[in-house]
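In what follows, a structure is listed as C-alpha cells, so that the remarks can point back to it.
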Amino acid sequence: MADNEPAPPVPAEPAKPVKKRSPNRLVVEEALNDDNSVISLSQAKMEELNLFRGDNVLIKGKKRKDTVCIVLADENLDDSKIRMNKVVRKNLRVRLGDIISVHACGDVPYGKRIHVLPLDDTIEGITGNLFDTYLKPYYLEAYRPARQGDLFLVRGGFRPVEFKVVGVDPGEFVIVAPDTVIHCEGEPVKREDEERLDDVGYDDIGGCKKAMGQIREMIELPLRHPTLFKTLGVKPPRGVLLYGPPGSGKTLIARAVANETGAFFFLINGPEIMSKMAGEAESNLRKAFEEAEKNSPAIIFIDEIDSIAPKRDKTSGE
Numbered sequence: 002m003a004d005n006e007p008a009p010p011v012p013a014e015p016a017k018p019v020k021k022r023s024p025n026r027l028v029v030e031e032a033l034n035d036d037n038s039v040i041s042l043s044q045a046k047m048e049e050l051n052l053f054r055g056d057n058v059l060i061k062g063k064k065r066k067d068t069v070c071i072v073l074a075d076e077n078l079d080d081s082k083i084r085m086n087k088v089v090r091k092n093l094r095v096r097l098g099d100i101i102s103v104h105a106c107g108d109v110p111y112g113k114r115i116h117v118l119p120l121d122d123t124i125e126g127i128t129g130n131l132f133d134t135y136l137k138p139y140y141l142e143a144y145r146p147a148r149q150g151d152l153f154l155v156r157g158g159f160r161p162v163e164f165k166v167v168g169v170d171p172g173e174f175v176i177v178a179p180d181t182v183i184h185c186e187g188e189p190v191k192r193e194d195e196e197r198l199d200d201v202g203y204d205d206i207g208g209c210k211k212a213m214g215q216i217r218e219m220i221e222l223p224l225r226h227p228t229l230f231k232t233l234g235v236k237p238p239r240g241v242l243l244y245g246p247p248g249s250g251k252t253l254i255a256r257a258v259a260n261e262t263g264a265f266f267f268l269i270n271g272p273e274i275m276s277k278m279a280g281e282a283e284s285n286l287r288k289a290f291e292e293a294e295k296n297s298p299a300i301i302f303i304d305e306i307d308s309i310a311p312k313r314d315k316t317s318g319e
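Here the sequence shown stands for residues 2 to 319, where the numbers follow the numbering used here.
This is the structure:
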C-alpha cells in the first residue's frame, strides 16, 4: 500500500441509547406542609407536566395503590422530587426516597355523597359527635379530593382520629364540595391489615433539624441503599450515640427512623436488662441482637445505656 493512499474508513459504533427516567416519575421527599390533600412539585416540573397550581393529580405508588391530591408549587424543591406528607405516603404504600408517578387527573366530579368511618382503635374513650368535632372542620370549604379506600388522619378534640373513606358517589374519587353529603354512620372499621397513620414519622419531630440530617445520613442511607456502600468499598456506620436531657426526643427520633425506613425496631431499656446474676445481662443482650438479626434490616435502640455500661467504680453487678 502506498504511503499517500488513504486508510480505509473504520465504521463507527452505533451510539448506545441513553435511558432517561420518565418526566412524571419522581422521588418522594418529606412534606413541609402537613396537609393530607396536598403534594408539592417544583415550578419547572409543573410546567413540564402542563400542571397548574390547584390542579388535581393522580399519584400512583406501590402495590397498585393510587390516590388523588391537589398540586402546589415549591420554589425550593428539586425538579426530580415530590413532597407529600405521611398520610399520602401511607396510602400509596411508599416511603421517603421511593419513586412514584404523577398524572394529570382532568376534571374530578363534585361528590354527591361520601361514606366515612373511623378506625376502631383510634376512637377508644372518645365521646361526642365525631362529625362536628373532626369531619366538619376538616372538609369545611376545603374542596378536598376523596378516594375510596384511602385513610386519613384528622387532628382535633383531645387526640387525632383516623378515618377510612369506605364509599364515594359517583366513581372512585370525587371532590368534597359544600353540598356533598358526608355519611359517618356505621360500625367503626377494624384495623386488620391497615397501616397505622399515627405512627411517629419525621414530620412529627420539630426543632432537631441538624441532628435529624446527620442521623438520616448515617442510618437511613445504609439501610435503603446498601449496594452504594458495597460498590464504594466503605463500611457504613453501625452505631450512633444520641445524648441529651430527658424528653429531648432521643427515643422519638429512633422510632421515626425505623418507621420511615421500614426497619424492624427493637427497644431495649437499660435498667430492665441489667441483673445481679453474673452473665445474665450479657445473655439478655445477646438474645436481643439475635432477634434483630432474624428480622434484619433492624434498628436496636438501647435506652439509658449508662445503666448497662456505668463507671467501673460505681458498678455492683457483672
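Even glycine gets a Cβ: it sits at the ideal position worked out from N, Cα and C.
With three or more C-beta pairs closer than 8 angstroms as the rule, is the stretch 125-138 touching the stretch 255-265? Under the three-pair Cβ rule at 8 angstroms, the stretch 255-265 does not count as touching the stretch 125-138.
How is the alpha helix (DSSP H) around PHE132 delimited, first residue to last? No alpha helix (DSSP H) contains PHE132, which DSSP labels as neither H nor E.
What's the C-alpha gap between SER81 and LYS46? If I take the Cα positions, the gap works out to 8 angstroms.
State yes or no: is the C-beta of GLY55 within less than 9 angstroms of the C-beta of ILE40? Contact flag unset, no.
Would you kindly work out how many angstroms separate the C-alpha atoms of ALA264 and ASP180, rounded to a whole number? If I take the Cα positions, the gap works out to 44 angstroms.
Apart from the five residues just before and just after TYR111, which ones in its own chain have a Cβ nearer than 7 angstroms to its Cβ? Annotation for TYR111: VAL175, ILE176, ALA178, THR181 place their beta carbon closer than 7 angstroms to its own, counting only its chain and skipping 5 residues before and after.
Applying the 10 Å Cβ sphere with the 16-neighbour rule, what's the burial state of LEU141? That one is exposed.
I believe LEU118 touches VAL167 by the beta-carbon criterion, under 8 angstroms. Please report the beta-carbon distance rounded to the nearest angstrom. About 5 angstroms separates the CB atoms of LEU118 and VAL167; that is less than 8 angstroms, so the two are in contact.
Along the beta strand (DSSP E) that carries VAL258, what are the first and last residues, could you check? Note, VAL258: premise wrong, no beta strand (DSSP E); alpha helix (DSSP H) at 251-262.
The stretch 28-37 touching the stretch 84-99, judged by at least three CB pairs closer than 8 angstroms: Yes: the two stretches touch, three or more of their Cβ pairs being nearer than 8 angstroms.
Nearest to ARG239 by alpha carbon, out of PRO138, ARG160, GLU31, ILE301? Checking every option, the nearest Cα to that of ARG239 belongs to ILE301.
Just the Cα atoms here: how many angstroms apart are PRO223 and ALA74? PRO223 and ALA74 have their C-alpha atoms spaced approximately 31 angstroms apart.
Whole-angstrom C-beta distance between VAL28 and GLY98, which should lie under 8 angstroms: Correct: roughly 6 angstroms between the Cβ atoms.
Spatial neighbours of VAL19 within its chain, please: C-beta separation below 6 angstroms, excluding the five flanking residues on both sides. Since pLDDT at VAL19 reaches only 48, below the 50 mark, its modelled position is unreliable, and the value read off the structure follows with that caveat. So no residue of the chain qualifies.
Boundaries of the alpha helix (DSSP H) in which ARG114 is found, first to last residue: No alpha helix (DSSP H) contains ARG114, which is instead part of the beta strand (DSSP E) from 114-119.
In angstroms with no decimal places, state the Cα-to-Cα distance between GLU173 and ALA147. Approximately 8 angstroms between the Cα atoms of the pair.
Quick one: what's PRO171 bridged to in DSSP? Looking at the DSSP assignment, PRO171 forms no beta bridge with any residue, so it has no partner.
Using DSSP with H/G/I as helix, E/B as strand and the rest coil, what is PHE265? Look at PHE265 here: in three-state DSSP terms it is strand.
I'd like the list of long-range same chain contacts for ALA299, defined as Cβ closer than 7 angstroms, with 5 residues on each side in sequence excluded. These residues qualify, in order along the chain: ALA264, PHE265, PHE267, ALA293.
Nearest to GLY158 by alpha carbon, out of ASP133, LYS165, LEU152? Checking every option, the nearest Cα to that of GLY158 belongs to ASP133.
What three-state label does DSSP hand GLU319 in the structure shown? Below a pLDDT of 50, predicted positions are generally treated as unreliable, and GLU319, at 49, falls in that range; the measurement from the model is reported next regardless. In the displayed model, GLU319 falls within coil according to three-state DSSP, outside both helix and strand.
Residues near LYS113 by beta carbon distance below 6 angstroms, same chain, minus five either side: Short of 6 angstroms from the beta carbon of LYS113, and not among the five residues preceding or following it, lie these beta carbons of its own chain, in chain order: ASP170.
Which of helix, strand or coil does DSSP assign to GLN44? In this structure, DSSP gives GLN44 a helical state, which the three-state scheme calls helix.
For ASP204, the three-state DSSP class (helix, strand or coil): In this structure, ASP204 counts as helix in the three-state DSSP scheme.
Buried or exposed (CB count within 10 angstroms, at least 16 for buried), TYR135: With 16 or more other Cβ atoms from the protein chains shown falling within 10 Å of its own Cβ, TYR135 counts as buried.
Own chain residues within Cβ distance below 8 angstroms of PRO272, not counting five before or after: Hits under 8 angstroms: GLU305, SER308.
From LEU78, LEU59, LEU93, pick the residue whose C-alpha is nearest to that of VAL109; which is it? The shortest C-alpha separation from VAL109 is found at LEU59.
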